[in-house]
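**Q**
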Amino acid sequence: MSAVLQRAQAGAETLTGSETMLEAVRAIARGPLMAMVDEIDRAGTYPDAIMRALGQAGAYRAQTSLDGNPDFVAAIQAVAEVSRVCGATGFMVWCQAACTLYMEQSGNPALIGQALERHVAGDALGGTALSNPMKAMTGIEQMLLKARKVADGYVVSGTLPWVSNLGSGHYFGAAATVIDSDVPAHEIMFMVPCDDPAIELRECPSFAGMEGTGTWGVRFTGFFVGAERLIADPVRPFLDKVRASFILLQVGMGLGVTQGAIDTMWDVEQQLGHVNQFLDDRPSELQSELDTLTLRTFALARILSAGEAVPLLDVLDVRAHASELALRSAQSALLHQGARGYLLSSSVQRRVRESHFVAIVTPALKHLRREMAKLSNPVMPS
Ligand SMILES: Cc1cc2nc3c(=O)[nH]c(=O)nc-3n(C[C@H](O)[C@H](O)[C@H](O)COP(=O)(O)OP(=O)(O)OC[C@H]3O[C@@H](n4cnc5c(N)ncnc54)[C@H](O)[C@@H]3O)c2cc1C
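Residue numbers (the numbering used here): 629 to 1010.
(1) Where does T756 sit, in a helix, a strand or coil, going by DSSP?
(2) Looking only at its own chain, which residues have a Cβ that is under 7 Å from the Cβ of R924, when we skip the five neighbours before and after it?
(3) How is the alpha helix (DSSP H) around E815 delimited, first residue to last?
(4) Nearest to N697 by CA position, among L858, V707, G645, A743, is which residue?
(5) So is the beta-carbon of C723 under 7 Å away from any non-hydrogen atom of ligand 1?
(6) Since S792 and C723 should fall inside the 8 Å C-beta cutoff, what is the C-beta to C-beta distance between them, to a whole number of angstroms?
(7) Nearest to F866 by CA position, among M649, H984, M765, G842, is which residue?
(8) Taking C-alpha atoms, which residue in A1001, S957, Y970, S973 lies nearest to H984?
(9) Go ahead and label F906 buried or exposed: buried means 16 or more other beta carbons lie within 10 angstroms of its beta carbon, across all protein chains shown.
(10) Would you tell me roughly how many angstroms separate the C-alpha atoms of Y970 and I890, rounded to the nearest one?
(11) Residues in its own chain within less than 6 Å of T787 by CB, not counting five upstream and five downstream?
(12) The beta strand (DSSP E) that contains Q789, what's its start and end?
(13) Below 8 Å between beta carbons: does that hold for G755 and H747?
(14) Three-state secondary structure (DSSP) at I768?
(15) Can you tell me which of V853, D669, V870, G854 puts its alpha carbon nearest to the alpha carbon of V713?
(16) How many Å lie between V701 and Q878 at the Cα?
(17) Verify the contact flag: G767, CB atom, against every heavy atom of ligand 1, threshold strictly below 7 Å.
(18) Taking the alpha helix (DSSP H) that A803 belongs to, which residues open and close that run?
(19) For the region 849-857 against the region 908-916, do three or more pairs of beta-carbon atoms, one drawn from each stretch, fall closer than 8 Å, so that the two count as touching?
(20) What's the call for P1006, buried or exposed, on a 16-neighbour Cβ count within 10 Å?
(21) Tell me the DSSP secondary structure of M938 in three-state form.
(22) Is any non-hydrogen atom of ligand 1 found closer than 7 Å to the C-beta of A992, if you look at the structure I gave you?
(23) Is Y674 near G840, with beta carbons less than 8 Å apart?
(24) Between M662 and the rest of its own chain, which residues show a CB-CB distance below 7 Å, the 5 nearest in sequence each way excluded?
(25) With A802 and L829 assumed to form a contact (beta carbons below 8 Å), what rounded beta-carbon distance in angstroms separates them?
(26) With a threshold of 7 Å, establish whether the CB of K1002 neighbours any heavy atom of ligand 1.
(27) Verify whether the separation of the beta carbon atoms of R979 and G888 is less than 8 Å.
(28) Flag W790 as yes when its Cβ comes closer than 7 Å to any non-hydrogen atom of ligand 1, and as no otherwise.
(29) Does the beta carbon of F926 fall short of 7 Å from some heavy atom of ligand 1?
(30) Please list, in chain order, all residues of the same chain as E917 whose beta carbon is under 8 Å from its beta carbon, the five residues on each side excluded.
(31) Quick one: which unbroken alpha helix (DSSP H) runs of 4-plus residues sit fully inside the region 665-726? Chain order, please.
(32) Where do the ends of the alpha helix (DSSP H) carrying A967 lie?
(33) Can you name the residues that DSSP bridges to E856?
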């Protein structure tokens, strides 16, 4: 983050404790995380100790109401600080944050209280399987999980192709369509422990990047959802409640990957500035665009923290801009670094792949543009 933004962030709106949390997050990101970033990316090692240490540092707590008002600015910054060093781990911080949202907003006594405390402390880790439901509910694809009503709950079957931040002892929020209910078709959302006997984690094919994210295919065979696991029934009003936070927290990934790319342009400025000056998207230009985008994101995050309604079009717009800026910055970093950046071991190579992920993970750039077009033109057919 630039000095301009650090000063803005240190302003009156910063909640007590957030700066201490961010300092601890930066220390983890630039210390132990930096030391194993290649191992995460190339060998696919899941950074379990780092994910837990970030919880101890308070990275997952800032967005909650456990200590008073939530501080979404600090929560987004935590995602950005981690993503600046490692996009894969930054994505998992977001997965944990999305799961935090589901638990806290569920109001279910089994998912708040001690369970939420353990989760935000990093003692328990979780993910989110809402890519498919988010797309299904806006008409892009069909729901993959189907639920059947039984006497004391629901039974769910189906397969999800990829869910991240999973492992033994982890859990994730998912949603299914109820297919044979007496009431009109509706969806339910629920928590899924990975170790339940009805759940099978299946290895995914190798990805171009984002290895080490604990990403698995998940098969459900008669998974039981009782009251203790229920996050929302029905789901649509719940999604309307969490959508802005879900998307805005993700912006942190784009901000961090962009900042990391800009950092690597400055690394070669002294040596290559005399020729790099002829390139487009120079680091100072990108930094200024990033700072403006960050300030816009923080302004929306402050509205969220105050518990007020955030204009969804603005949220989609900053998320789309973060994708585009990450793509342009990673590409420009490669051009600035030249052959150094073309080494397989270069952070620049890794960041190009991370920027691609920021643009394809749900909501992908194409979905964002579709939703923005629909909101700007309500008569457009879905
Ligand atoms: C590394 C990684 C981690 C992810 N982690 C999560 C997560 O934690 N939670 C989550 O909900 N989603 C996760 N996703 C899914 C992601 O958010 C997108 O939904 C996914 O990349 C599909 O994007 P799309 O909508 O652009 O679909 P498109 O690429 O346009 O494809 C359309 C549909 O086909 C399916 N599809 C395409 N290729 C394949 C394939 N090879 N095998 C099976 N189905 C396929 C897609 O899932 C999608 O439903 C992850 C994806 C990746 C690559």
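We put the CB at the ideal spot given by N, CA and C, even for glycine. Treat the numbers as computed from the prediction; the structure is a model and nothing was measured.
**A** From the atom records:
(1) strand
(2) V946
(3) E815 -> not in any alpha helix (DSSP H); beta strand (DSSP E) instead, spanning 814-821.
(4) G645
(5) yes
(6) 5 Å
(7) M765
(8) S957
(9) exposed
(10) 16 Å
(11) R847
(12) According to the sequence as given, residue 789 is Pro; it is not Gln. Taken as a continuous stretch (DSSP letters only), the beta strand (DSSP E) holding P789 covers 781-791.
(13) no
(14) coil
(15) D669
(16) 12 Å
(17) no
(18) Careful: A803 lies outside any alpha helix (DSSP H), inside the beta strand (DSSP E) at 799-806.
(19) no
(20) exposed
(21) It should be noted that the sequence gives Val, not Met, for residue 938. Looking at V938 - three-state DSSP - the assignment turns out to be coil, as it is neither helix nor strand.
(22) yes
(23) yes
(24) V713
(25) Actually they do not touch by this definition, with Cβ atoms about 13 Å apart.
(26) no
(27) yes
(28) yes
(29) no
(30) L953
(31) 676-684, 700-713
(32) 967-970
(33) BP columns for E856 are empty, so no partner.
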